[in-house]
Each structure stands twice: as structure tokens, then as C-alpha cells.
Amino acid sequence: MKTTGAQYGKITGISMEKHPTPRPHTVSIRPPPLQLADKISKSHISRASIADVTVFSQPPPSSILSSILVFVPQIAAAATPKSASTDCLPSYSNNMASLPSNVHVSKHPCLRGKLSQLRSSTTGSRETNRLVHDIATILGYESLATNLQITSSGTGTTPLGYEYPTESVATEKIALIPILRSGLGMVQAIQDLLPSPVAVHHLGLFREPTTLHPVEYYNNLPFQPVTDAKTSVTINTAAATLAIIIDPIIATGGTSAAAIQTLKEWGVSRVLVLSVLGSEEGVRRAAEEWPEGVEVWLGGVDPGLDGKGMIKPGVGDIGDRLFLALGK
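First residue of the sequence shown: 355, per my numbering; consecutive thereafter.
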């Protein structure tokens, strides 16, 4: 109901005495929409409390003031949506303060939602592959945006016969380095992003279960040494300029650090490490292996490891989940 002037002495469901008519300057608090009324009703707040109320410019009588002070905060609380910032990932995942400056943790909401799905024990192998692919795609967009150069490559013609300037990315000296075997789940996503195919060189590394140290068992990096006659310095002309390590998980950081060192010795100028998830300890170790030449890009960071070197809460053994090798 609408209350004004001398009629304001009674609001449905709230009893009070009549008071003299105040000055006419008023501000109305309108009834909330039906959805809010339903929420308020479920919160044990009487619908009578949300009647149309007029608040006057003069201080209202204490009986009215006390009623307003009681139900208005309850309405506001019911109408305020819950924050979604902590629904997807641990709050630590976006805490960059303690990480090295060459570490980049994605804040993309779609990635965070997909990472939350990937964590679930009910997510099967097919869905795990799709989620890893999607997360790798987002990481690729974010990391390559600042690490590739676009160049003019001439002109082209549109279907309507108009000319336009063409642009291209030089991919001849870019190489993808998937860490076997789980890194294979990210290869196609990065290949699809690039405007033309790039070389893929595999590194096989596993973590020795007792010491947790990395052990290399496969390396197909090409080597074509050329020695400069003047300086006697040998250069590997087959080495890429930019190497992109793709490995879904950085746990202890030992595997990533070993891969970075191998690529540095191979002759690369820069290394990008793309991972779905890492631990703080492992990410720091990888980033500090070669600070001036490495950037680490992640979907999220978890605070610690368990006794077996697995990330907590993590995503489990991502290799087993990708290739349905559970229970081996």
C-alpha cells in the first residue's frame, strides 16, 4: 500500500501510533520484485515487512525507525548475490604476490570454471581430454599474444575483389616440446592456434618414485652443429628460437627445470612453459631455472604437495586420466 501524509500511521503488519504529518519531501522504497520477495519469504521475513514505505526528510518517529532498521538490512542481505570468486578454485590460485615475476596465472573465468570441472573425481577420460584441450587453448591465446611477432606479407584479394594487406607470423623457428606422455594432450590445441604448422619435438621424462628426481628416457631434439671459423664457437642451427614446453602439471618442478636446462643447452633463445596447474614450490623452481629466458603460464596454482609429490588438491594423475591408465 502507499502511505503518505497523515495515513502513514499504520503499515501492514507493523503497529504504531499516529504522528503529525511531516513535510512533503519524501523518498519511496518500492516493493522488491517477486523473485526477491520469494527469497525474503524463504528467509522467514514476513511479506508484510516489504510493503511500500515512505521515508520522510524529517527524522521519523522511533517506532517507524526501529522497524525500518530491522527489515531493510534483511532485504539487502537477501538481495545481494553470493560472490563467485571462490566457487571455482582455491583463493590461492590468483595470488601472484609470492610468485616470481616471470610467472603468469590466468584469471580467465572460463578457464577457472573448466579447471574446477577437471578437478572432479567424477570427470571421465573423454571429458578430461576435452577440458585439458580447452584450458591449453586459453593458455595459448594468453601466452602467445605477447610472445609472437606479426609481419606484413604482401596483399591478398577478398571474395568481392578488394585488395587487403596480409599479415603473418613467422613460425619456422618455433617448436612445441610436449613432455611425454601427458603433454600430448595439449599439442593439438596449440597447433590449432598457430596460423601455420610448427615442429614438434618430444622429450620423455619421468619422475623416479623414491627420490622424485626427473629421469630422461627419450629426446628427439635435432642437432646440426656449425662451427664459426673466426670464433670457434659451435652453434646448433637446428635449434628453435622459441621453444614451448607443454606439460599439464608442474608438481615438484623437477621435470620442468630439467626440460628447460635441456632446451637451453640445445640452443634456444626463449622458453615458454604452459601448464594447466602447478604447485607453488614447483612453479617457483621452474621459473627460477633460467629467469631471463623463461616465462611460465598456468591455469592455476595450488599451495602444496603430498608425501608422494602430488599436488594438493590438484587434479590427480593427469596422465593416467588422459589415457585411461588408471589402476596400473
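Backbone N, C-alpha and C define an ideal beta-carbon position, used for all residues, glycine too.
Quick caveat: nothing in here was measured; it's all calculated off a predicted structure.
Rounded straight-line distance, which links the Cα of residue 518 to that of residue 597: 32 Å
Pair within 8 Å by beta-carbon distance, residue 532 and residue 540: Yes; because the gap between Cβ atoms is below 8 Å, this pair is in contact.
Separation of residue 653 from residue 604, as counted between CA atoms: 11 Å
Residue ranges of each alpha helix (DSSP H) within the segment 451-506, 4 or longer: Here the runs fully enclosed are 463-473, 479-498.
Spatial neighbours of residue 491 in its chain, beta-carbon cut-off 6 Å, leaving aside the 5 residues before and after: 543
For residue 508: DSSP bridge partner residues: 520
Contact between the segment 475-483 and the segment 662-678 (3+ Cβ pairs under 8 Å): yes
Within 8 Å, strictly: CB atoms of residue 635 and residue 607: Taking 8 Å as the Cβ cut-off, residue 635 and residue 607 qualify as a contacting pair.
Beta-carbon proximity list for residue 471, same chain, < 7 Å, skipping 5 on both sides: Excluding the 5 residues flanking it on each side, residue 471 has same chain C-beta neighbours closer than 7 Å at 477, 485, in chain order.
Environment of residue 609 [buried if 16+ CB atoms lie within 10 Å]: buried
Through-space distance from residue 632 to residue 595, alpha-carbon basis: 25 Å
Bridge partners - residue 533, DSSP secondary structure assignment: 557
Those runs of the alpha helix (DSSP H) which lie wholly inside the segment 559-626 and span at least 4 residues: 608-620
8 Å Cβ shell around residue 660 - same chain, five flanking residues per side excluded: The answer, listed in chain order, is 666.
Close beta carbons around residue 501, own chain, < 8 Å, minus the five adjacent residues each side: 596, 624, 626, 649
Backbone CA spacing between residue 482 and residue 580 [nearest angstrom]: 44 Å
Euclidean distance between Cα positions of residue 534 and residue 600: Each residue's alpha carbon lies about 9 Å from the other.
Status (buried if at least 16 other CB within 10 Å, exposed otherwise) for residue 629: It is buried - the Cβ of residue 629 has at least 16 other Cβ atoms within 10 Å.
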